[in-house]
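Student: Quick one: the structure is below, questions incoming.
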Amino acid sequence: METVKLTIDGVEVTAPKGELLIEVCEMNGVYLPRFCHFRGLTPQASCRMCVVRVDKIPKLQTACTMPVADGMVVTTASDEIEDVRSGMIEFLLSNHPVDCPVCDRAGECELQDQTFGFGEDRTRSRFEDKEPTLERQISPFIYNDPQRCVTCKRCTRVCEEWMDEFAITAVNRGSHTVISSFGGWVECSDCGNCVDVCPTGTLLHVPYKYVARPWDLKQTPTICNYCSDGCSILAGTRSEQFIRAVARDGRGRTAGGINNDFLCALGRYTIDAVHSPQRIDRPMIRRGEYLVPATWDEALNFAASKLAEIKNDDGGAALGAIGAARLLNEDLFVLGKFAAETLGTPNADFYHDEDEIDTASFFRYGIPVLATQEHIQNADTIILIGSDPNEENPLTAFSIRWAVRQKSARLLMVNSMPSRLERQAERAIRVREGSEGAVVEALLAPSRIEATAAAAGVGVDDLRFVRQVLLESERVVVIFGDELKATAVEALALFETQLATPSADVATAARNAHLDALQRQVRSTNSTNKPAVNENPFTSIVAHPTLEVGAEPARTSTKFSFVPLFRYSNSLGACLIGMDASLRGGLSAQAMINGSGGGIQALYVVGEDLLGKANGDESHVRTQLGKLKLLIVQDQFMTETAKSAHVVFPSTSFAESQGTQVNNAGQVQLVRRVIPPVGQARPDWMITSSIAKLMGSDFGYQGQVRAIFKEISERVNACAGLTHNRLANEGAIQVSAAPPDSAGIDRADLLARLSAETDRINKEIEVDSSELTAKAGSRLHGRYPLQTRYSEMLKAGDGRESPVVFPA
Amino acid sequence: MYSEANENKIDELLTHYPVKRSAVLPVLYIAQEEHGYVTDEDVKYIARRLDMRVNEVEEVVTFYTMYSRKPVGKYKLQVCRTISCQILGAEAITEHLCRKLGTGLGETTSDGKFTVMEVECLGYCDLAPVLQVNFDYHEQVDTARVDKIVDELV
Ligand code: SF4
Ligand code: SF4
Ligand code: SF4
Ligand code: FES
Ligand code: FES
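First to last, the protein sequences are chains A and B. Going by my numbering, the first sequence opens with residue 731, and the numbers climb by one from there. Going by my numbering, the second sequence opens with residue 3, and the numbers climb by one from there.
Written as C-alpha cells, this is what we have:
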C-alpha cells in the first residue's frame, strides 16, 4: 500500500495515501470533532466541526473531505479553530431544545459530548422552532423528535448508501430542515441503522424508547443468531433483561465484528423473543393427554430410562437425534457424541431439507475458498445466483451494495424472482424458476449455450455476457442460495479451472473499460439514449476508502471464492463438526421421521420444530411422530413438535449460553452469554450430557462449555488450534479452506449430470418479469410467530401482524 | 397526467439534460401550473417519470419556496425576510399585508387570491426590501407601494 508522510500538530506520521485526514488524525490519537462524518458514508462536509488548518491553504479546511498528501502540515487546535467550532455548536444550539433530561440519547449523545468538549455552555441567539414542531413516530420502529436534529444527514445517507432505500430525507429548508419522508410514514427495511448513526436524540428506536439509560446498560458483544451472516451485536442488558441490540453505541463502542456498523431488522429487533411469554420455563412430562410440569430430576430420569429401555429392546439404530442448524457448535457436537457413544446410533443429523443448499455437494471435493464480507466488498465481480440476500442475508446485501457503489464492482444476477439488488446490477437476468443450474452449465460448457439459454428462458447474449465478464475478471465472488440445486452446487468446483483469467492484461483492460463506461454514463448527454450500464447515477465511481481504514483490501488467493447463503446461523458449523447424517452413514432427519414407528422408535429433537417445518406435509409428520415410543424435545418455545412430545426440556437461547457458531464465510465466532437463563432453562449441551450421564456415559465436561470446544478443536480439523479465549480476543477466525484438487473431479461425468438436469427443465414455466416493488415482503426464515413487545408495537404502529419470528 | 402540450414539453425538457432527474425543477413548474400546487400525485408521477425516488422529489419541492405542497392563492406574496430586507423594514411589510388581507402568515385569503409568505434572500439585497409576487419582483417597497400592487391585483 502506498503511504505518505505528513505532520499533524508537529508530529510526523505515516498514513495510507488517499485516506481522509480526519481518519488519519484519529489513527494517530488526535480526535477531531464531527457530526456529519461517519466511517463508511460518503463525505458530506456540512457541519464544519472538523475544520483544521493546512499550511499553504488560505482557509480552514474540513478534515473529513481532505485526502492526506505527502508533506502536508496540519494544525488541529488553535484559538482560531476553537472559535469556529464553538461558533458552530452555538449555532446548532440556537434552535435545539436541550431537553437532555427527557432525551433517550442523553449519555451517549454526540451533541452533548461535542458541546462539552468544544463548545460553550450558552447560546446568545434563539431561532424559531423547526416545522413540524412535535415529536412523532414515523415508522413501526423509528421515533422522530425533529427539534433535536443537527442536519448532519448521516441517517439519510445510511438509508441511501447502505440500504438503497431512500426512505427518509431532509425536507424544508434552512433552520426548518427536518428529517421526514413523503407522506410522513416511513415504509422501509426497518434496519434501524439510521437510528444507530444519529448523533443526537432525533431518531430513536421505538422498542428502546424510555426503557433504559445508557449508563445503566451492561453491554456485551455477542453474535446474532438469526441468519448465516453472523453479525456482531452489542447486547445491552439491564436487570437480566436483554433490552437492545446495536452494532455500535452512541459513544462509538462497537461489537468489533465483521459487520462494521451495520445491523438489520432481524438481528436488531428479534432479541425480544428471548423474553417472550411463550418461552417454556420448566421441564414437562406427558401424563396421558397433558404435558405436566416436572422437576429436572424427574424429567431427566424419565428420558434416560426410556431411552435405555428402547435401546435395550430395539437396538441403538432404532434411536435418532435431530438438532437445529441454529444451535451452537457445542450443543450440536454433544448431541452427535451422545448419539454415537451413548445411544449407539449413526442416526444423527442437523435438520435441513431438500429446499436448502445441499451441503454434501458443496463440500464434496473439499472446503472451497469462502468469501468473507471484506472479500465481497473488494471483489472485482460478484455473481449472485438464485437468492435474494436483501431479504435473507441482509449483511451480504449491504456488502454487495458497498462493493458496487464504492468500489465499482460489477454485479451480475441470475434469479427467478425480483430482487431489489437488481438496481445495482450491471446485468440482471431473470430465469425460469428452477433453471438456475442451467446458467451454471452455460458458464462451464459454452458449447451448450443455446440449449441452456432455451432451458432458462433467457437470451444467449445474456449468458455470453455473463461468461465473458467472469472470464475477464480477476477476483470473483460467487454468491448462491437455496435455488441452486445439488448438481449445480457441486459443479461450482469447476469454476476455478474452467473460467480462469486469460491474462493479467485482459483483466486490467476489462476493468478499465468498465470504469470508462461508468464515467461515460455520468457524462453522457442524451438521457433517452440509455447507457449500457445501470443508469442510477448513485452507483458512483468515486472510491472512498473509508470502510477499511488504512488496510490493504482483502483478496482471496484464488480467483473464485464462494458465499453459500445457508438458511441458519450455524448450518456451516453443523456440517463442519460432523452433525451431517451423510457423513455419519446414518439416516437423515427426514428419513428418521419417515422411519418412525418402523426402524425408528425414539427421536431426540433439539431446538427444531419438525411440524413447523413440515411445509404442507404436516399431517404426515404428525402421524409419523405419533408412532414413536418416545419423543424427547428440547426447545425454547412450546412449538407444535414440543406439544406432541413425551418429555419437554426448556433450553436456553443464544443470549443465555456461551458457545461458537460458524457463519457462511466459515468464520468461527464466539457467542457470549449476556443474561442468565430465563426460567429453569438450561443449555442444550448440558441437558444432553445430563441424560448421557444417567445412561452411564460421563463426558467429563464438568459443566464447562470450554471443555466441549477443546474437544471439538481436537477432533475437527477445521477448528484446530481454536479456543474460546482466542475467539474472544481475536474475533472472527476463518477456518482454513482445503480447496478441491481439480484432478480429482470427474469433469465429464459432472457436466453430463448437469446437462441431463438442464434438459429436464420444464419450459412451460413462465419467467417472472414483474417489476420491482418499492418494498419486497420479507421472506423470513423462522415460521414461529411470537408475541413480544416489538410485535405488539408493530401492530400498534401500522397494523402489521407480528412479523417478529424466531428462527425456530 | 398533464395536458398533451405539457407532456410534450416534459419530453422535450428531458432531452436537455444528461440524466433525467436534472429536469426536476422545470417539470415541477409544469405540475404547479396544472394543479396550482404540487400534489401528492404529482410527486409520485414525477418521480416515476424522471427515475427518481419520491423522497428525492419531495426534498426538492419542500426546499424551494417557489413550489408549494399545499393549495395556495392565485398570487403568492413573498416577502424577503433575510438580513438586508429585515433591517429595512420587511417585518412591517409582512404585517401590513396580513392585516390588509385579513390573513395569517402562510394562509390564503378566503377568495383564494392571495397567500402571504416569508422567504429567504431573493438576491436583490441592494434594493431591499423586496416583495415577490409570483414571478415578478418589486424592489424597495413600502406599505404604500405594497397597497398599490395588491389593489391592482384584486
Ligand atoms: S430503518 Fe433503515 S431502511 Fe428504514 S429509514 Fe432507517 S436506514 Fe432507512
Ligand atoms: S436525524 Fe440525526 S442523523 Fe439524521 S440529520 Fe438529524 S441529527 Fe443527523
Ligand atoms: S444480517 Fe444476519 S447476522 Fe446480521 S443482524 Fe441481520 S440477521 Fe443477524
Ligand atoms: S465532520 Fe467534517 S464537516 Fe462535518
Ligand atoms: S436580503 Fe432580501 S433580497 Fe437579499
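Note that beta-carbon positions come from the ideal geometry of N, C-alpha and C, so glycine has one too. Only a predicted model underlies this, so the values are computations on that prediction, with no experimental measurement involved.
(1) Can you give the Cα-Cα distance for I1323 (chain A) and E1122 (chain A), rounded to whole angstroms?
(2) If we cut at 8 Å on Cβ distances, does T105 (chain B) have a partner in chain A?
(3) Let's test the definition: count the other Cβ atoms within 10 Å of the Cβ of P1232 (chain A) and tell me whether it reaches 16, buried, or not, exposed.
(4) Listed in chain order, which residues of the region 44-71 of chain B have Cβ atoms closer than 7 Å to some Cβ of chain A?
(5) Alpha carbon to alpha carbon, how far is R1017 (chain A) from L1214 (chain A)? Give it in angstroms, no decimals.
(6) When you check each C-beta in the region 110-140 of chain B against every C-beta of chain A, which residues fall closer than 8 Å?
(7) Rounding to the nearest angstrom, what Cα-Cα distance links N955 (chain A) and L1021 (chain A) in this structure?
(8) Looking at the secondary structure, which residues open and close the alpha helix (DSSP H) in which M818 (chain A) lies?
(9) On a Cα-Cα basis, can you pick out the residue from A:E891, A:D894, A:F912 that is closest to A900 (chain A)?
(10) Name the residue from A:V1435, A:L750, A:L771 whose alpha carbon lies nearest to the alpha carbon of S1387 (chain A).
(11) Could you tell me the distance, in whole angstroms, from the CA atom of S1165 (chain A) to the CA atom of T1488 (chain A)?
(12) Hey, quick one: how far does the beta strand (DSSP E) through Q949 (chain A) stretch, first residue to last?
(13) Take the Cβ of W1415 (chain A) as the centre, count every other Cβ of all protein chains shown within 10 Å, and call the residue buried at 16 or more, exposed below.
(14) Considering only DSSP beta bridges, list what Q1464 (chain A) is partnered with.
(15) Beta-carbon of T899 (chain A) versus every beta-carbon of chain B: anything under 8 Å?
(16) With 9 Å as the C-beta to C-beta threshold (strictly closer), list the residues of the region 909-937 of chain A near chain B in chain order.
(17) Give me the chain B residues within the contact set of N1492 (chain A), using Cβ-Cβ distance strictly less than 7 Å, ordered along the chain.
(18) Round the Cβ separation of V781 (chain A) and V804 (chain A) to the nearest angstrom and send it over; I've been treating them as touching at under 8 Å.
(19) When you measure from the CB of V880 (chain A) to every non-hydrogen atom of ligand 2, does any distance come out below 7 Å?
(20) Distance, Cα to Cα, A1243 (chain A) vs L1141 (chain A)?
(21) Suppose contacts are defined by Cβ-Cβ distances below 8 Å. Is E1405 (chain A) in contact with T967 (chain A) by that definition?
(22) I'd like to know whether the C-beta atoms of R998 (chain A) and G922 (chain A) end up nearer to each other than 8 Å.
(23) Contact defined as beta carbons within less than 8 Å: I believe V1207 (chain A) pairs with V1293 (chain A). What is the distance between those atoms, to the nearest angstrom?
(24) I believe D1339 (chain A) touches R1150 (chain A) by the beta-carbon criterion, under 8 Å. Please report the beta-carbon distance rounded to the nearest angstrom.
(25) Determine, using beta carbons only, whether N902 (chain A) comes closer than 8 Å to chain B.
(26) Under 8 Å, with one C-beta from each stretch per pair, do the region 1084-1104 of chain A and the region 1164-1184 of chain A reach the 3-pair mark?
(27) Judging by CA-CA distance, which residue of A:R1012, A:R1009, A:P1469, A:E749 is the nearest neighbour of M796 (chain A)?
(28) What's the C-alpha gap between N57 (chain B) and R50 (chain B)?
(29) Nearest by alpha-carbon distance to L103 (chain B): which of B:C82, B:G91, B:Y77, B:C87 is it?
(30) Which residues mark the beginning and the end of the alpha helix (DSSP H) in which M757 (chain A) is found?
(31) What span of residues does the alpha helix (DSSP H) with L155 (chain B) cover, start to end?
(32) Can a CB atom of chain B be found closer than 8 Å to the CB of F896 (chain A)?
(33) Buried or exposed: V1465 (chain A), going by 16 or more other Cβ atoms within 10 Å of its Cβ?
(34) Taking Cβ to Cβ, would you say V143 (chain B) is nearer than 8 Å to L155 (chain B)?
(35) Suppose you measure from the CA of L129 (chain B) to the CA of Y139 (chain B); what does that come to, to the nearest Å?
Tutor: For this structure:
(1) 27 Å
(2) no
(3) It is exposed - the Cβ of P1232 (chain A) has fewer than 16 other Cβ atoms within 10 Å.
(4) Answer set for the region 44-71 of chain B: V45, D53, R55, V56, N57, E58, E60, E61, T64, F65.
(5) 46 Å
(6) E122
(7) 29 Å
(8) 809-823
(9) A:F912
(10) A:V1435
(11) Approximately 7 Å between the Cα atoms of the pair.
(12) 948-953
(13) That one is buried.
(14) Looking at the DSSP assignment, Q1464 (chain A) forms a beta bridge with A:Q1397.
(15) yes
(16) S910, S911, F912, G913
(17) Here the premise fails: no neighbours, minimum Cβ distance about 35 Å.
(18) Contact doesn't hold; Cβ gap of about 11 Å is too wide.
(19) Answer for V880 (chain A): yes, Cβ within range of ligand 2.
(20) 15 Å
(21) According to the sequence shown, residue 1405 (chain A) is Ile rather than Glu. Contact: yes.
(22) yes
(23) The Cβ separation is near 6 Å, so the contact holds.
(24) Going by Cβ atoms, the distance from D1339 (chain A) to R1150 (chain A) rounds to 30 Å, so no, they are not a contact pair.
(25) yes
(26) Using a Cβ-Cβ distance cut-off of 8 Å, the region 1084-1104 of chain A and the region 1164-1184 of chain A are not in contact, since fewer than three pairs of beta carbons, one from each stretch, lie closer than that value.
(27) Measuring from the Cα of M796 (chain A), the nearest candidate turns out to be A:E749.
(28) 12 Å
(29) For L103 (chain B), the nearest C-alpha among the options comes from B:Y77.
(30) 751-757
(31) Where L155 (chain B) is concerned, the enclosing alpha helix (DSSP H) starts and stops at 145-155.
(32) yes
(33) Its Cβ being crowded by 16 or more others within 10 Å, V1465 (chain A) is buried.
(34) At least 8 Å separates the beta-carbon of V143 (chain B) from that of L155 (chain B).
(35) Roughly 11 Å between the two C-alpha positions.
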